[in-house]
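Student:
Residue numbers (the working numbering): 12 to 242.
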């Protein structure tokens, strides 16, 4: 029988509890993820890919809504540097995201309504701890490697710092261990653009129109920071 933990469009409801850096606890924890390839008999060929801020778990499969190819098909696939014929690839939607894992859109068991702004602040290390819970669920003790770019690279940096015995290598691309003051300021501009949209409604927009106009302005500002001036 095929192991239902493995494959595309998977969800794990993990009992936890997951302690958070901010002092709170999440339980249960839901993680949306995908796997590619076959986990070998010794569970020693697993590679965890961590996505960036606006990424998701569909690293090498078509997006279920847009139909667009996976966001890293140049790196993950047959004959690629990360090959599912050799490696067992795991990509999980980060904690606090909006693509299936526990986040502000999830139902708060205490109220029966979306958490919205009541969802706790999540750190990179919280994301990594949630990924570790998922790996426990999948039967993976030690990673062959953890790979990520941008915010995914922050997770890749945090993995050996948080779980030094659980990862043999970390591949960090275009990332940093901490934000500069300028980087924090750019992010705050994006946050303020979203919150200035009347559709924001204090973060309680679930069930109505999202603050799409504010988000569009935030993304325009963000994309400027993703590029280097030619010259």
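Just so it is clear, CB atoms sit at the ideal spot from N, CA and C, and this is done for glycine as well.
#1: Give every residue of the same chain whose Cβ lies closer than 7 angstroms to the Cβ of residue 134, excluding the five residues on either side of it in the sequence, and list them in chain order.
#2: Give me the Cα-Cα distance between residue 229 and residue 145, rounded to the nearest whole angstrom.
#3: When the Cα atoms are used, what is the spatial distance from residue 182 to residue 159?
#4: Specify, as a first and last residue, the run of the beta strand (DSSP E) that residue 214 falls within.
#5: If we count Cβ pairs, one from each stretch, closer than 8 angstroms, do we get three or more for the region 51-59 versus the region 95-102?
#6: How far does the alpha helix (DSSP H) with residue 197 in it reach, from first residue to last?
#7: Of the residues 154, 23, 116, 24, which one's Cα is nearest the Cα of residue 218?
#8: What are the partner residues of residue 16, as DSSP defines its beta bridges?
#9: What is the residue span of the beta strand (DSSP E) that residue 59 lies within?
#10: For the region 23-41 and the region 141-155, state whether three or more C-beta atom pairs, one from each stretch, are separated by less than 8 angstroms.
#11: List the endpoints of the continuous beta strand (DSSP E) containing residue 135.
#12: If you count every other CB in all the chains shown that lies within 10 Å of the CB of residue 69, and 16 or more means buried, which is it?
#13: Residue 242 by DSSP, collapsed to three states: which one?
#14: Below 7 angstroms CB to CB, which residues in the same chain sit around residue 127 once its five sequence neighbours on both sides are set aside?
#15: Relative to the C-alpha of residue 76, which candidate in 184, 67, 84 has its C-alpha closest?
#16: Look up residue 49 in the DSSP assignment and say whether it is helix, strand or coil.
Tutor: This is what the structure gives:
#1: For residue 134, same chain residues with a beta-carbon under 7 angstroms away, outside a window of 5 residues either side, are 32 in chain order.
#2: Roughly 31 angstroms separates the two Cα atoms.
#3: If you take the alpha carbons of residue 182 and residue 159, they lie about 7 angstroms apart.
#4: Under the DSSP assignment, residue 214 falls outside any beta strand (DSSP E); it carries neither an H nor an E label.
#5: Yes, the region 51-59 is in contact with the region 95-102.
#6: Unbroken alpha helix (DSSP H) run through residue 197: 192-207.
#7: Of the candidates 154, 23, 116, 24, the one whose C-alpha sits nearest the C-alpha of residue 218 is 116.
#8: For residue 16, DSSP records no beta bridge to any residue.
#9: 57-61 is the span of the beta strand (DSSP E), which, as asked, contains residue 59.
#10: As far as the Cβ criterion goes, the region 23-41 touches the region 141-155, which means the pair count is three or higher.
#11: According to the DSSP assignment, residue 135 belongs to no beta strand (DSSP E) but to the alpha helix (DSSP H) extending over 135-149.
#12: The residue is buried, with at least 16 neighbouring Cβ atoms inside 10 Å.
#13: In this prediction, residue 242 scores a pLDDT of 49, lower than 50, which makes its location untrustworthy; the coordinate-derived value is nonetheless stated afterwards. It is coil, neither helix nor strand.
#14: If the five residues before and after residue 127 are omitted, its C-beta is found closer than 7 angstroms to the C-beta atoms of 115, 214, 215, 217, all from its own chain and listed in chain order.
#15: The closest CA to that of residue 76, considering only 184, 67, 84, is found on 67.
#16: The three-state secondary structure of residue 49, taken from DSSP, is coil.
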